[in-house]
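Novice: Here it is, the structure, as structure tokens.
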Amino acid sequence: MGCSKKMEQLNTEIQLLGKLRHKNIVKLFASWVDEDKGIVNIVTEYFTSGNLRQYCKKHKKVDMKAMRRWAIQILTGLEYLHSQKPTIIHRDLKCDNIFINGNHGKVKIGDFGLATFMQQQKTKSIKGSNLYLNLSPFLFLNSFWPFRMDMFDKPCT
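Mapping of the sequence shown onto my numbering: residues 42 to 198, in sequence order.
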């Protein structure tokens with residue numbers, strides 16, 4: 042992926058996170074560019090247990106009640122994203138992008154680099170993309186990113 046494409050994704054993520062206010066979405070505190078070093082700095086809330094993938098590797102047994110709470114929190118965050126005008130589609134919901142505090146704490150959705158706004162008339166192609174592992178079958182049946190895609194991603198996570 043080219044540098045300009047990465048910067049575009051980073052800019053989209055910063056803009057989205059700056060506008061989103063929900064208990065199950067990662068909070069953005071600040072962002073700035075260090076022109077001298079060519080570095081983009083992003084300050085978000087800190088998650089003591091990292092992401093869900095890291096947590097599951099460290100804790101081989103996860104409490105079923107905690108998993109249910111996490112699923113509800115993730116779905117609540119998705120519901121918030123999908124209720125925005127225009128609808129926000131995450132497009133990359135996976136364990137690496139779900140962040141957790143504490144052993145059985147709250148989870149929040151993060152990494153909005155691939156997120157987009159759903160527009161009825163506009164179509165998106167997935168040709169040339171290497172994100173096929175958790176992709177919704179809706180993408181192969183249609184050429185657009187329906188909000189149902191995020192709902193498919195959750196069970197795959």
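Each residue gets a CB set at the ideal place from its N, CA and C atoms; glycine is no exception.
Identify whether D152 lies in helix, strand or coil by the three-state DSSP scheme.
Specialist: coil
Novice: For the putative contact between L93 and F153, defined by C-beta atoms under 8 Å, what is the C-beta separation to the nearest angstrom?
Specialist: Not a contact, Cβ separation roughly 16 Å.
Novice: For L116, which three-state DSSP category applies?
Specialist: helix
Novice: Note down the Cα distance separating I55 from V67, rounded to an integer number of angstroms.
Specialist: Straight-line spacing of the CA atoms in I55 and V67 works out to 11 Å.
Novice: Just verifying my parser: in three-state terms, what is the DSSP assignment at T157?
Specialist: strand
Novice: DSSP on N199, reduced to helix/strand/coil?
Specialist: Within the shown structure, residues of the chain are numbered from 42 to 198, placing residue 199 beyond reach of any answer.
Novice: Considering only residues of the segment 44–70, which uninterrupted beta strand (DSSP E) runs meet the minimum length of 3 residues and lie entirely inside it, listed in chain order?
Specialist: none
Novice: Among residues of its own chain, excluding the 5 on either side of S124, which ones have a beta-carbon nearer than 7 Å to its beta-carbon?
Specialist: none
Novice: Kindly indicate which three-state DSSP category D133 falls into: helix, strand or coil?
Specialist: coil
Novice: As a quick exercise: from S90, G91, A71 and D75, pick the residue whose alpha carbon is nearest that of V84.
Specialist: A71
Novice: Just verifying my parser: in three-state terms, what is the DSSP assignment at S72?
Specialist: strand
Novice: Give a yes or no on whether the C-beta atoms belonging to F158 and G151 are separated by under 7 Å.
Specialist: In terms of Cβ geometry, F158 and G151 do not form a close pair [threshold 7 Å].
Novice: In terms of DSSP beta bridges, what is D85 paired with?
Specialist: First, the residue type needs correcting, since residue 85 is Thr and not Asp in the sequence shown. Answer by DSSP bridge pairing, in chain order: L69.
Novice: Which stretch, first to last residue, makes up the alpha helix (DSSP H) that contains K98?
Specialist: K98: member of the alpha helix (DSSP H) spanning L93 to K99, first to last residue.
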